[in-house]
Amino acid sequence: MPSEKENPSKKSALRENIEAILVAIILAMFIRTFVIQAFKIPSGSMKETLQIGDHILVNKFIFGIKMPFTMKTLVSIKDPERGDIIVFKFPEDPDKDFIKRVIGVAGDVIEIKDKQVYVNNEPVNYKQAVFKDSRIIPGDVQPRDNFGPKTIPPDCLFVMGDNRDQSYDSRFWGVVNLDAVKGKAFIIYWSWDKENFSVRWGRLGNFLK
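Numbering (the working numbering), first residue to last: 1 to 209.
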């Protein structure tokens, strides 16, 4: 029979294991809340940059430290810049996360004429932008191809999807407040092609631009 003297060591080992697990959980929650978080791409609004089934990592620290749940910025480091791919709380439903590219920042004047984007009266063209519909839809019907001019308010961003003809973005529902921004997407760490039931090996490790 085991001696009673062995029991304290067993209890000590169990306690150490529990403490290690708790520390790991707390550390993981800290990293997810303040440093890096994983997201999955559910739609094609950012094609061809991001495909449905891509899994990405988002740098949450780059824009500052935010209060959990309220998303109020505690420490500001820098603001998103034009061209950044950001994840944010959807203004019309904060329970949903959206991912888009920043087109305009506070003070910018955004206008779209026949699919061409202008920022402060200068044409802006991103090589990632994709147009799959050759038709030009008049601005008085809906703002997909003709929009503005609109001046971006303070502490706000104007965002668009790279799949310009198939993206529900700031052209339709307005600007994104800086407090709603969760972070900047920077790498694809996994990609699953559901239709072909296969891994897109060539996309793994790709940095986002």
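Virtual Cβ for every residue (Gly too), placed ideally from N, Cα, C.
Query raised in the report: Can you tell which of R144, A20, N125 has its C-alpha closest to the C-alpha of S134?
Result: R144
Query - Where D165 sits in the DSSP three-state scheme - result: helix
Query raised in the report: For I41, which residues from the same chain have a beta carbon less than 8 Å from its beta carbon, with the 5 sequence-adjacent residues on both sides left out?
Result: L50, Q51, I52, G53, D54, H55, I56, I99
Report task. Measure the alpha-carbon distance for F88 versus S12 and round it to whole angstroms. Result -> 45 Å
Requested in this report: Indicate the three-state DSSP secondary structure (helix, strand or coil) for V175 in the structure shown.
Outcome: coil
Report task. Identify every residue that forms a DSSP beta bridge with R101. Result -> I85, M160
Query raised in the report: When we look at the beta-carbon of R15 and count the other beta-carbons within 10 Å, is it buried (16 or more) or exposed?
Result: exposed
**Report entry** Reduced DSSP secondary structure (H/G/I, E/B, other) of S198
**Finding:** strand
Query raised in the report: Residues bridged to F39 by DSSP?
Result: I56
Report task. For P80, count neighbouring C-beta atoms within 10 Å of its own C-beta (all shown protein chains included) and say buried if the count is 16 or more, exposed if not. Result -> buried
Report task. May I ask which residues mark the beginning and end of the beta strand (DSSP E) holding M78? Result -> Note on identity: in this sequence residue 78 is Lys, with Met being the wrong assignment. Note, K78: premise wrong, no beta strand (DSSP E); not H, not E.
**Report entry** Extent of the continuous beta strand (DSSP E) run through A185
**Finding:** 181-193
Query - heavy atom of the ligand MN below 7 Å from G107 C-beta - result: Questions concerning the ligand MN fall outside what the structure shown contains, since it holds no ligand whatsoever.
Requested in this report: Within 10 angstroms of the Cβ of F207, are there 16 or more other Cβ atoms? Answer buried if so, exposed if not.
Outcome: exposed
Query raised in the report: DSSP beta-bridge partners for D93?
Result: F90
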